[in-house]
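Under the UniProt record's numbering, the first residue of the sequence shown carries the number 1, and numbering increases by one thereafter. Heads up: the structure comes next, in structure tokens.
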Amino acid sequence: MSTSPIPAADPPPGRDLARLFAPRSIAVIGASASPDKAGHAMTVALDDFPNLHPVNPRAGRINGRRAYRTVGEIPERVDLAILAVPPAAVARTVAECARAGVGAVLVCSGGFAESGPAGTALQDELRAVVASSGIRLLGPNTSGFVHPAARARANFMPSVGELRPGPVGIIAQSGGMNLALSFLLHADDIGISLAVGLGNAVDVDFVDVLDHLAHDEDTTVIALHIEGVRDGRALADAVRRATAVKPVVALKVGRADVGDFARSHTGALTGDWTLARAALRQAGAVVVDTLGELVDAVAALAHRRLPALFDPGVAVVTGQAGPGLLVADRLRATGTRLPPLTESTTARLAELLPPLTYQRNPVDTGRPDTTFPQVVEAVGADPRIDATLVYTLQEAGTPDTVAHLAEERHACTVFVTGGLDRDVLPQRTALRAAGIPVYTAPERGVTGLRALLDDAHARALGRMSAIVVPTDPTGPAVPDRGALDEDQAKTVLAGLGLRSPRRIVASTHARAHAAMAELGNPVVVKLCDARVLHKSDIDAVHVGVATRADLDHALRRIDAAGIDASPRYLLEELAPAGTELIVGAVRDASFGPFVLLGVGGVDVATQAPPAVRAAPLSRAEAREMYRQLPEPVRAGARGRAPVPEEETITLLVGLGRLMTENPHVGEVDINPVRATAEGLLALDAVILPHRSPDRGSTSHRG
Numbered sequence: 001m002s003t004s005p006i007p008a009a010d011p012p013p014g015r016d017l018a019r020l021f022a023p024r025s026i027a028v029i030g031a032s033a034s035p036d037k038a039g040h041a042m043t044v045a046l047d048d049f050p051n052l053h054p055v056n057p058r059a060g061r062i063n064g065r066r067a068y069r070t071v072g073e074i075p076e077r078v079d080l081a082i083l084a085v086p087p088a089a090v091a092r093t094v095a096e097c098a099r100a101g102v103g104a105v106l107v108c109s110g111g112f113a114e115s116g117p118a119g120t121a122l123q124d125e126l127r128a129v130v131a132s133s134g135i136r137l138l139g140p141n142t143s144g145f146v147h148p149a150a151r152a153r154a155n156f157m158p159s160v161g162e163l164r165p166g167p168v169g170i171i172a173q174s175g176g177m178n179l180a181l182s183f184l185l186h187a188d189d190i191g192i193s194l195a196v197g198l199g200n201a202v203d204v205d206f207v208d209v210l211d212h213l214a215h216d217e218d219t220t221v222i223a224l225h226i227e228g229v230r231d232g233r234a235l236a237d238a239v240r241r242a243t244a245v246k247p248v249v250a251l252k253v254g255r256a257d258v259g260d261f262a263r264s265h266t267g268a269l270t271g272d273w274t275l276a277r278a279a280l281r282q283a284g285a286v287v288v289d290t291l292g293e294l295v296d297a298v299a300a301l302a303h304r305r306l307p308a309l310f311d312p313g314v315a316v317v318t319g320q321a322g323p324g325l326l327v328a329d330r331l332r333a334t335g336t337r338l339p340p341l342t343e344s345t346t347a348r349l350a351e352l353l354p355p356l357t358y359q360r361n362p363v364d365t366g367r368p369d370t371t372f373p374q375v376v377e378a379v380g381a382d383p384r385i386d387a388t389l390v391y392t393l394q395e396a397g398t399p400d401t402v403a404h405l406a407e408e409r410h411a412c413t414v415f416v417t418g419g420l421d422r423d424v425l426p427q428r429t430a431l432r433a434a435g436i437p438v439y440t441a442p443e444r445g446v447t448g449l450r451a452l453l454d455d456a457h458a459r460a461l462g463r464m465s466a467i468v469v470p471t472d473p474t475g476p477a478v479p480d481r482g483a484l485d486e487d488q489a490k491t492v493l494a495g496l497g498l499r500s501p502r503r504i505v506a507s508t509h510a511r512a513h514a515a516m517a518e519l520g521n522p523v524v525v526k527l528c529d530a531r532v533l534h535k536s537d538i539d540a541v542h543v544g545v546a547t548r549a550d551l552d553h554a555l556r557r558i559d560a561a562g563i564d565a566s567p568r569y570l571l572e573e574l575a576p577a578g579t580e581l582i583v584g585a586v587r588d589a590s591f592g593p594f595v596l597l598g599v600g601g602v603d604v605a606t607q608a609p610p611a612v613r614a615a616p617l618s619r620a621e622a623r624e625m626y627r628q629l630p631e632p633v634r635a636g637a638r639g640r641a642p643v644p645e646e647e648t649i650t651l652l653v654g655l656g657r658l659m660t661e662n663p664h665v666g667e668v669d670i671n672p673v674r675a676t677a678e679g680l681l682a683l684d685a686v687i688l689p690h691r692s693p694d695r696g697s698t699s700h701r702g
């Protein structure tokens, strides 16, 4: 079992935020001696900063320091100006700072775009000043930032002064969440390198701070708390750059209804939250669901990083059987591989442990004794094992074997220790001092271990994704004339090699009868109209039409739907039985195009969540999507045809290229794609134009 160091890199040119986050001199504009003023709170919070300059038109002395009437009167160069002035005065004050040579400005004030049209106008004015002057600005509407090592606590909350320096960089849109996460880490004895609340992010944004922290030697892991994203592609690119040198853990909030934006089945399955998480994970981030998971993941990644491993093997070693079973169950539920130990390892364990103990994987030692460190060492040295989770209950009189492992700086990945504080606190202190992640509950240890595994897997997948296969198809051209009906969509998709049953489009009942005679019966009869996305909802799909009477009935039912006075009918050969999938693509206004694969059919929304990846995607990424299908679906359950792996991968890669090469396409919905003995067949398809989420839909949804 091994870990890899986190390398440093040269900072990118033109993105230097040192004067903002590591200032040598700070001015508080709007500083006040009145305790009820924001300018007083900020001056007090920065009291131990050596070069602090209060600025107030009445000058005098504030909190024992000389005050200046304007920032221009300060005799030394000011790196950072913190503004505690009304919103209407902010743009003018920022312009004064720029003329005085100030490097950066922090605007904590609210009352900007978050407050309505008048505030939006103020924010537009502020943005124009920043753009014309080149000054860097954090905010507005933010609680600020904390850089403990530099004693730069640019925040109104006095207790931030107690935050200790450490390896975790935090970026949050919400200033409140920035502080909440900082305090949660502090409670777990984890320090921070820099904690930033972006606020409205008029200038400095996620990308800027990510690039800064990626090249900050004091930061070994980056935590993101994300609400909305204006430029998702830029964020994903910044995450990709950062994860090349250190791990990133992301919590995306806002699991909201996608509403009218969900026009097709594909759109309904891919809301903003789903797409953002998929893009962040694909860029290399470890994506978590809760603030607690964010803390636990960061704790594991703060001091160690596994090598790039596509499918790491994990061992569990416990001193008690019950917790070991709980840990093993939770690991297996997340898809973690717990391989059997080698014969040489089990032979070594037999020498160390009594006969009644369990010596496979998980390993149960009965109770920790003096051989416990040797057991952990033997398991960790097994060539099949890349990471180990160790659980012990410590009690008075038990040998302090865990502390011994910490002293040896053992390469165990994660420890979970239980017991009374008086018995376990020395262990936890020793482990943390040695840079070994330690938790108080099994499920928290599993979260930390999964973060290490997910980070290792993401880097391995990224290396595989860099391999280009020349035979991958280019995307076919899609006509830019609005929504395409099923016949037109299937013609486009044929350019990706996706076949469909033989079909004929008829505009009259008589031509429909002629089409059935040509195709042979039975046939499928459907409405052919790009405005109708869910034809079965309005009785516009009829399967197994075998006689003239059957056909007349189907045509009358389609006419009765009332979509058009002269509807068009699509008649198609009946496809052989098989396994149904949904394959689709959607374009997000922020993150760009995505490709989707899941279990298909009419009831697709009730199935397991689909696999989603940002486009363009590599064959390695498409293969991961394929392997996310339930195994019975891939194998062809109940006698159905299996889903062909390589053909499915080729389709997904091609669909990704179709989306990247046709920016006017908003959604592609192929539901179902049926896997048959002869390969994949598209049974229904629609291609929709790209539109902004706030525009109304003209599609009938049934």
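Backbone N, C-alpha and C fix where the C-beta goes; we use that ideal spot for every residue, glycine too.
**Message:** Tell me the residue span of the beta strand (DSSP E) that contains Ile222.
**Reply:** Start at 1 with the first residue of the sequence shown, and residue 222 comes out as number 222. Element bounds for Ile222: Val221 to Ile226.
**Request:** With DSSP as the reference, label Lys252 as helix, strand or coil.
**Result:** Along the sequence shown, read from residue 1 onward, the residue named residue 252 stands at position 252. Of the three classes helix, strand and coil, the one that applies to Lys252 here is strand, per DSSP.
**Message:** Output needed for Thr334: all residues of its chain with C-beta closer than 8 angstroms, excluding positions within five of it in sequence on either side, in chain order.
**Reply:** Walking along the sequence shown from the start, residue 334 turns up at place 334. Same-chain partners within the cutoff: Val446 and Arg450.
**Item:** Gly289, buried or exposed, once every other Cβ within 10 Å from all chains shown has been counted against 16
**Value:** For the purposes of this step, residue 289 is identified with residue 289 of the sequence shown, where counting begins at 1. The sequence given here has Asp at residue 289, not Gly. Counting the other CB atoms within 10 Å of its CB gives Asp289 a total below 16, which places it among the exposed residues.
**Closest residue to Pro567 among Ala506, Ile687, Gly119 and Val196 (Cα-Cα distance)** = Residue mapping note: residue 567 aligns to position 567 of the sequence shown, counting from 1. Looking at the Cα atoms, Ala506 is the closest of the given residues.
**Asked** For Arg691, which residues from the same chain have a beta carbon less than 8 angstroms from its beta carbon, with the 5 sequence-adjacent residues on both sides left out?
**Response** Your numbering for residue 691 matches position 691 in the sequence shown. Closer than 8 angstroms at Cβ, skipping near neighbours: Gly666.
**Request:** Assign Thr266 to one of three DSSP states: helix, strand, or coil.
**Result:** Start at 1 with the first residue of the sequence shown, and residue 266 comes out as number 266. Low confidence applies here, because Thr266 scores a pLDDT of 43, under 50, leaving its location unreliable and the question unanswered by this model.
**Outcome for Ser132 when other beta-carbon atoms lying within 10 angstroms are tallied against a minimum of 16** = Along the sequence shown, one-based indexing puts residue 132 at 132. Exposed.
**Request:** Would you mind giving the Cβ-Cβ distance between Leu655 and Ala561, rounded to the nearest angstrom? I have them listed as a contact below 8 angstroms.
**Result:** For the purposes of this step, residue 655 is taken as the residue at position 655 of the sequence shown. For the purposes of this step, residue 561 is taken as the residue at position 561 of the sequence shown. A Cβ-Cβ separation of about 30 angstroms leaves Leu655 out of contact with Ala561 under the 8 angstroms criterion.
**Item:** Coil, strand or helix - Arg230 by DSSP
**Value:** To locate residue 230, count along the sequence shown from 1; it is residue 230. Arg230: coil per DSSP, three-state reduction.
**Asked** Which partner residues does Val196 have in the DSSP bridge list?
**Response** One-based indexing of the sequence shown puts residue 196 at position 196. Beta-bridge pairing by DSSP links Val196 to Phe145 and Ile171.
**Asked** Of the choices Ala238, Arg277 and Leu652, whose alpha-carbon is the least far from that of Val253?
**Response** For this step, residue 253 is matched to residue 253 along the sequence shown. Cα-wise, what sits closest to Val253 is Arg277.
**Request:** Out of Ala530, Val532, Ala608 and Ser500, point me to the one whose CA is closest to Val524's CA.
**Result:** On the sequence shown, residue 524 is found 524 positions in, with the first residue counted as 1. Of Ala530, Val532, Ala608 and Ser500, the smallest CA-CA separation from Val524 is found for Ser500.
**Message:** Can you give me the C-alpha to C-alpha distance between Arg127 and Ile62, rounded to a whole angstrom?
**Reply:** Stepping through the sequence shown from its first residue, residue 127 is reached at position 127. Stepping through the sequence shown from its first residue, residue 62 is reached at position 62. Each residue's Cα considered, the two are about 31 angstroms apart.
**Request:** Would you mind sorting His147 into buried or exposed? The rule is 16 or more other CB atoms within 10 Å of its CB.
**Result:** For the purposes of this step, residue 147 is identified with residue 147 of the sequence shown, where counting begins at 1. Buried is the call here.
**Prompt:** Three-state secondary structure (DSSP) at Gln320?
**Reply:** Here residue 320 corresponds to residue number 320 of the sequence shown, with the count starting at 1. Correct three-state label for Gln320: coil.
**Request:** From the DSSP output, in three-state form, read off Val78 for me.
**Result:** The sequence position of residue 78 within the sequence shown is 78, counting from 1. Coil, per DSSP.
**Asked** What do you get for Gly176, buried or exposed, if any count of 16 or more other CB atoms within 10 angstroms of its CB means buried?
**Response** For the purposes of this step, residue 176 is identified with residue 176 of the sequence shown, where counting begins at 1. Looking at its Cβ environment, which holds fewer than 16 other Cβ atoms inside 10 Å, Gly176 is exposed.
**Message:** For Thr388, list the residues DSSP reports as bridge partners.
**Reply:** Residue 388 sits at position 388 when you count from the first residue of the sequence shown. For Thr388, which the question treats as bridged, DSSP gives the partners Ala315.
**Prompt:** What span of residues does the alpha helix (DSSP H) with Val643 cover, start to end?
**Reply:** Start at 1 with the first residue of the sequence shown, and residue 643 comes out as number 643. Here Val643 belongs to no alpha helix (DSSP H), and DSSP marks it neither H nor E.
**Message:** Once DSSP output is grouped into helix, strand and coil, what is the label at Leu291?
**Reply:** The residue you call residue 291 lines up with position 291 of the sequence shown. Helix at Leu291.
**Item:** Closest by C-alpha distance to Leu224, when choosing among Ala515, Gln173, Glu572 and Thr388
**Value:** Here residue 224 is taken as the residue at index 224 of the sequence shown, counted from 1. Measuring C-alpha to C-alpha distances from Leu224 to each of Ala515, Gln173, Glu572 and Thr388 identifies Gln173 as the nearest.
**Pairwise C-alpha distance: Asp188 and Ala328** = Stepping through the sequence shown from its first residue, residue 328 is reached at position 328. Stepping through the sequence shown from its first residue, residue 188 is reached at position 188. Those two C-alpha atoms are separated by around 24 angstroms.
**Message:** Quick check: Asp211 and Ser193, are their CB atoms within less than 8 angstroms of each other?
**Reply:** Counted from its first residue, the sequence shown places residue 211 at position 211. Counted from its first residue, the sequence shown places residue 193 at position 193. Asp211 places its beta carbon 8 angstroms or farther from that of Ser193.
**Exposed unless 16 or more other CB atoms sit within 10 angstroms - verdict on His664** = Here the question's residue 664 lines up with position 664 in the sequence shown. By the neighbour-count rule (16 or more Cβ atoms within 10 Å), His664 is not buried but exposed.
**Request:** Determine the closest residue to Ala347 out of Val375, Pro323, Arg432 and Arg332, with distance taken between C-alpha atoms.
**Result:** Here residue 347 corresponds to residue number 347 of the sequence shown, with the count starting at 1. Nearest option by C-alpha distance: Val375.
**Request:** Could you give the DSSP three-state label for Phe21: helix, strand or coil?
**Result:** Sequence index remark: in the sequence shown, residue 21 carries index 21 (1-based). DSSP places Phe21 in helix when its eight states are reduced to three.
**Item:** Cβ contact check for the stretch 578–597 and the stretch 419–437: 3 or more pairs under 8 angstroms
**Value:** Contact between the stretch 578–597 and the stretch 419–437 is absent: fewer than 3 CB-CB pairs across the two stretches fall below 8 angstroms.
**Asked** Val492: which of Arg657, Arg281 and Ala154 sits nearest, CA to CA?
**Response** Working through the sequence shown from its first residue, we reach residue 492 at position 492. In terms of CA proximity to Val492, Arg657 leads the group Arg657, Arg281 and Ala154.
**Item:** Ala149 versus Arg164 - alpha carbon distance
**Value:** Here residue 149 corresponds to residue number 149 of the sequence shown, with the count starting at 1. Here residue 164 corresponds to residue number 164 of the sequence shown, with the count starting at 1. Taking the straight line joining both Cα atoms gives about 8 angstroms.
**Asked** Given 8 angstroms as the limit, is there contact between the stretch 429–436 and the stretch 451–464, that is, 3 or more CB pairs closer than that?
**Response** They do not touch, by the three-pair rule.
**Request:** Go ahead and pull the three-state DSSP assignment for His690.
**Result:** Position 690 of the sequence shown, counted from the start, is the residue given in the question as residue 690. Coil, per DSSP.
**Prompt:** Which word fits Arg556, buried or exposed, when buried means at least 16 other C-beta atoms lie within 10 angstroms of its C-beta?
**Reply:** Residue mapping note: residue 556 aligns to position 556 of the sequence shown, counting from 1. Per the 10 Å Cβ criterion, exposed.
**Request:** Would you mind sorting Phe591 into buried or exposed? The rule is 16 or more other CB atoms within 10 Å of its CB.
**Result:** Position 591 of the sequence shown, counted from the first residue, corresponds to residue 591. Phe591 should be labelled buried.
**Asked** What does DSSP give as the partner residues of Ile62 in its beta bridges?
**Response** Position 62 of the sequence shown, counting from 1, holds the residue named residue 62. Beta-bridge pairing links Ile62 to Arg65.
**Asked** Is the shortest distance between the beta-carbon of Ala540 and the beta-carbons of chain B less than 8 angstroms?
**Response** In summary, chain B is missing from the structure at hand, where a single protein chain is found.
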